[in-house]
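Chains as they are written, first to last, in my numbering: chain W, 1 to 251; chain B, 1 to 656.
Backbone N, C-alpha and C fix where the C-beta goes; we use that ideal spot for every residue, glycine too.
First comes the structure, then the notes that go with it.
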């Protein structure tokens with residue numbers, strides 16, 4: 001089965017227990033204004049350009065015969081300075097599982113495993129489940145917004161050893177305002193997660209003036225109800241990828 | 001440690017005591033007479049200075065060491081002999097252990113007449129220090145000097161002061177890259193005895209140790225190598241002893257801590273580890289890495305000892321290995337290896353074959369055979385160029401070794417570095433893939449492209465540079481070429497005897513050749529442009545798109561190091577943000593342990609901050625204490641030439 005990913009990061013140390021390889025799935029139903037992985041928002045491949053390395057030689061605009069370059073209007077193989085990369089690769093679950101399984105020993109040494117992140121992994125739930133079935137006894141973790149229907153949520157979560165469940169904003173209207181979607185499905189899924197017996201942690205992004213308000217933190221604590229919660233400091237470099245994608249950062 | 005003393009040294013206030021010295025040598029004096037005479041004169045002209053609140057004294061007050069030979073005399077010597085670097089003994093691991101235990105008077109018994117004169121000169125200088133201490137009312141120092149260096153040390157402080165005097169004297173003699181050997185192994189008994197008596201707590205012992213560590217930084221600006229900081233004051237901690245038992249002890253731990261607290265570039269810490277080393281030791285090491293000093297450097301006993309055994313070292317000696325100035329494995333007390341006598345450039349070998357052989361090779365296998373032959377030819381050239389090796393006689397160093405250093409030691413092997421392995425391997429991988437397998441680049445086009453620095457056939461540059469297989473990505477297409485290159489290199493040295501009766505050892509270090517050798521060739525088939533440097537030591541090419549630390553470790557543990565054990569670490573740069581809390585430190589420690597458990601031989605892990613380095617280039621005055629690791633030593637960033645600064649910033653760096 002095919003899925004779309006935008007990155008594989010080795011030895012990520014903030015994405016679950018031990019040393020992990022994080023697979024980032026492309027596509028997300030949320031539009032959080034603070035998102036620091038904007039290349040994870042839409043599912044289609046996108047070109048990313050390192051403007052600081054570009055010398056304006058325009059070699060990439062000369063035209064080529066590569067079918068893979070067609071959607072972008074530039075030749076992605078041509079830049080002598082390595083400015084151009086494509087974010088978004090369609091990959092077969094079997095091939096991806098083989099790649100990840102190759103590092104099994106490293107996961108054992110570092111007491112880690114594989115983390116599925118995004119984007120929103122739930123958007124490619126069949127692919128995620130298929131991938132996990134093909135992993136060779138490796139510890140698995142997921143980072144999710146929880147924004148999906150109950151059936152999908154249960155089906156995906158039950159595959160994982162460890163869950164990192166986001167809670168961004170407790171108030172529904174605020175949630176709609178800053179992420180573009182209601183949090184009803186999310187809260188519903190969280191209620192199930194709390195009773196599921198899964199090992200999990202809540203994660204709250206601390207966005208100044210938006211999620212880190214006293215009111216929101218208090219409301220969130222009513223949902224988390226004393227369960228282990230990590231508060232993630234806002235990444236000041238979060239906006240840096242927007243320019244590479246030709247997008248504007250909204251914070 | 002005393003804060004004022006620390007600031008005083010940091011501000012270089014003690015430099016005011018320094019003065020130039022002139023010494024006249026008579027033509028009829030033999031080299032050893034001149035060296036002995038110079039040492040006596042140097043000791044005499046040293047003025048005892050005891051800094052306020054310092055516990056470990058001896059400060060260099062002569063800023064120069066007059067050469068014993070005129071330029072013409074040097075020219076004459078060089079016409080007859082092979083002179084290694086500066087001509088003085090370097091990279092030896094002297095017998096601190098027995099000397100500190102027995103005292104210099106005991107050494108007097110076995111020393112030759114020149115050695116005796118050196119001992120006399122040192123005793124005279126230390127007596128003058130003792131008088132100065134008394135004059136200043138520093139009875140603590142006077143009483144230490146009452147005992148050492150004349151007699152053996154009876155406690156930890158005496159032992160540290162004794163070490164300082166020996167080390168100071170070795171530098172004063174003109175030897176360089178004076179290493180410290182297995183410090184925690186021979187010093188711990190003194191600390192333990194004192195702690196058993198209740199003289200020190202861990203805290204007060206640490207304080208004294210910091211004072212002692214500071215002493216390495218008082219004169220180190222006078223010990224210039226290729227760049228400031230390249231001074232070889234390397235200290236070895238941990239590992240197994242001669243009987244295979246673990247050495248790591250409380251003193252090892254305190255040394256790591258002292259270094260972390262001091263934030264100075266000396267002594268440079270090497271941590272020996274093996275499959276029995278617990279994770280806690282790696283965590284302590286990682287805490288020091290976090291400090292950003294570019295050490296500890298890790299060496300894996302399991303691989304190193306095995307390799308040394310295969311090269312013919314005795315088991316006890318192999319287990320007792322120490323580290324030379326950078327990363328070369330040397331044997332304390334009895335080893336007289338010259339661990340950095342030459343270097344072979346892998347990219348140069350590939351470049352020669354590209355031009356001389358590629359068009360004639362119908363298969364890649366034929367081409368590889370040419371590469372192997374060329375490595376042999378290079379080895380011939382390097383090895384045959386080193387004959388009639390001669391060192392300036394060093395009578396005090398001779399006292400400090402358990403062998404007659406003039407005749408050679410128990411081991412007299414020559415180490416040859418291997419430079420640019422990733423550039424070489426990646427070039428071969430590109431040739432295999434595009435010229436032979438895919439046939440998308442013709443032999444002639446590739447040669448034209450390389451010769452024109454990719455002005456011609458420029459369209460293949462991005463392909464070679466960013467899409468071809470690269471060593472460091474756990475891609476056998478490239479990694480197997482590195483395995484082959486290293487094996488061919490070690491095979492090419494097998495069976496050769498050097499001019500001192502020893503053998504040649506192949507290594508994975510680069511020293512400064514990552515710049516020098518890169519300038520010897522133009523562009524290379526891996527897409528490296530003319531003028532671009534190689535990776536330092538045993539590491540990926542600078543511009544390769546590398547997947548991450550797991551892949552790098554897997555790639556760089558594939559070669560067989562048993563025939564290539566001269567030293568030279570895999571070098572990894574982690575962003576300093578990778579070390580922010582205990583959990584991160586634990587994870588990085590497991591990664592280091594993973595490297596060792598997977599059979600890596602040596603690892604240099606650095607915490608780097610590119611933003612700070614950029615700012616330091618613009619505003620050096622604000623960053624005088626920013627430290628970076630260069631190739632086997634750490635330096636203050638602002639004291640380096642720009643090409644060395646730039647290289648550090650260009651290395652592969654792994655982020656959170």
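Cβ-based burial, residue i [other Cβ within 10 Å; buried from 16]
i, result
"residue 580/B", "exposed"
"residue 215/B", "buried"
"residue 63/W", "exposed"
"residue 240/W", "exposed"
"residue 381/B", "exposed"
"residue 161/B", "buried"
"residue 231/W", "exposed"
"residue 73/W", "exposed"
"residue 384/B", "exposed"
"residue 444/B", "exposed"
"residue 11/B", "exposed"
"residue 442/B", "exposed"
"residue 210/B", "buried"
"residue 246/W", "exposed"
"residue 651/B", "buried"
Where residue i falls: helix, strand or coil (DSSP)
i, result
"residue 240/B", "strand"
"residue 234/W", "coil"
"residue 613/B", "helix"
"residue 578/B", "helix"
"residue 645/B", "helix"
"residue 116/B", "helix"
"residue 249/W", "coil"
"residue 552/B", "helix"
"residue 144/B", "helix"
"residue 546/B", "coil"
"residue 182/B", "strand"
"residue 26/B", "coil"
"residue 619/B", "coil"
"residue 100/B", "helix"
"residue 634/B", "strand"
"residue 19/B", "strand"
"residue 110/B", "helix"
"residue 189/B", "helix"
* To do: Determine which residues of the segment 188 to 217 of chain W have a Cβ less than 7 Å from any Cβ of chain B, and write them out in chain order.
  => none
* Using a Cβ-Cβ cut-off of less than 9 Å, list which residues of the segment 461 to 482 of chain B approach chain W; keep chain order. => 461, 462, 463, 465, 466, 467, 474
* Which runs of the alpha helix (DSSP H), 4 residues or longer, sit entirely within the segment 113 to 176 of chain W? -> 125 to 133, 150 to 157
* Asked: Can you list the beta strand (DSSP E) stretches of 3 or more residues lying completely in the segment 293 to 319 of chain B, in chain order?
  -> 297 to 300
* To do: Mind the definition here: the segment 564 to 576 of chain B touches the segment 313 to 321 of chain B only if three or more C-beta pairs lie below 8 Å; say whether that holds.
  => no
* Asked: Between the segment 566 to 599 of chain B and chain W, which residues of the former have a C-beta closer than 8 Å to a C-beta of the latter?
  -> 578, 583, 584, 587, 588, 590, 591, 593, 594, 597, 598
* Asked: Can at least three beta-carbon pairs, one atom from the segment 509 to 524 of chain B and one from the segment 332 to 352 of chain B, be found at a separation below 8 Å?
  -> yes
* Asked: Going along the chain, which residues of the segment 541 to 559 of chain B sit with their C-beta nearer than 8 Å to a C-beta in chain W?
  -> 543, 545, 547, 548, 549, 550, 551, 553, 554
* **Contacting positions in the segment 507 to 536 of chain B - beta carbon closer than 8 Å to chain W** => none
* Enumerated in chain order, which unbroken segments of the alpha helix (DSSP H) with a length of 4 residues or greater are wholly contained in the segment 428 to 504 of chain B? -> 443 to 451, 476 to 493
* Of all the beta strand (DSSP E) runs that stay within the bounds of the segment 6 to 45 of chain W, which reach a length of 3 or more residues? -> 20 to 25
* Asked: Which runs of the alpha helix (DSSP H), 4 residues or longer, sit entirely within the segment 43 to 121 of chain W?
  -> 93 to 101, 104 to 109
* To do: Scan the segment 29 to 85 of chain B and note each continuous alpha helix (DSSP H) run of 4 residues or more that stays entirely inside, going in chain order.
  => 31 to 45, 71 to 80
* Asked: Quick one, which residues of the segment 70 to 88 of chain W are near chain B if we go by CB-CB under 8 Å, in chain order?
  -> 77, 78, 79, 80, 82
* Ranges of the alpha helix (DSSP H) found wholly within the segment 314 to 350 of chain B, counting only runs of at least 4 -> 315 to 319
* Taking three-plus beta-carbon pairs below 8 Å as touching, is the segment 130 to 147 of chain B in contact with the segment 40 to 60 of chain B? -> yes
* Give the residues from the segment 86 to 120 of chain W that approach chain B closer than 9 Å (Cβ to any Cβ), ordered along the chain. => 102, 103, 105, 106, 107, 108, 109, 110, 111, 112
* **Where the segment 2 to 14 of chain W meets chain B: residues whose CB sits under 8 Å from a CB there** => 8, 9, 10, 11, 12, 13, 14
* Asked: Touch check for the segment 126 to 136 of chain B and the segment 364 to 383 of chain B: three-plus C-beta pairs under 8 Å?
  -> no
* Three-pair Cβ contact test at 8 Å for the segment 544 to 553 of chain B versus the segment 429 to 440 of chain B -> no
* Given 8 Å, three or more beta-carbon pairs between the segment 145 to 152 of chain W and the segment 109 to 128 of chain W -> yes
* Hey, is the segment 620 to 637 of chain B in contact with the segment 305 to 313 of chain B, meaning 3+ C-beta pairs nearer than 8 Å? -> no
* Unbroken stretches of the alpha helix (DSSP H), 4 residues or longer, contained in the segment 377 to 401 of chain B -> 395 to 400
* Asked: Relative to chain B, which residues along the segment 50 to 61 of chain W have a C-beta separation below 9 Å, given in chain order?
  -> 59
* Cβ contact check for the segment 109 to 120 of chain B and the segment 413 to 420 of chain B: 3 or more pairs under 8 Å -> no
* To do: Answer yes if the segment 148 to 156 of chain B comes into contact with the segment 191 to 205 of chain B, meaning at least three C-beta pairs across the two stretches below 8 Å, and no otherwise.
  => yes
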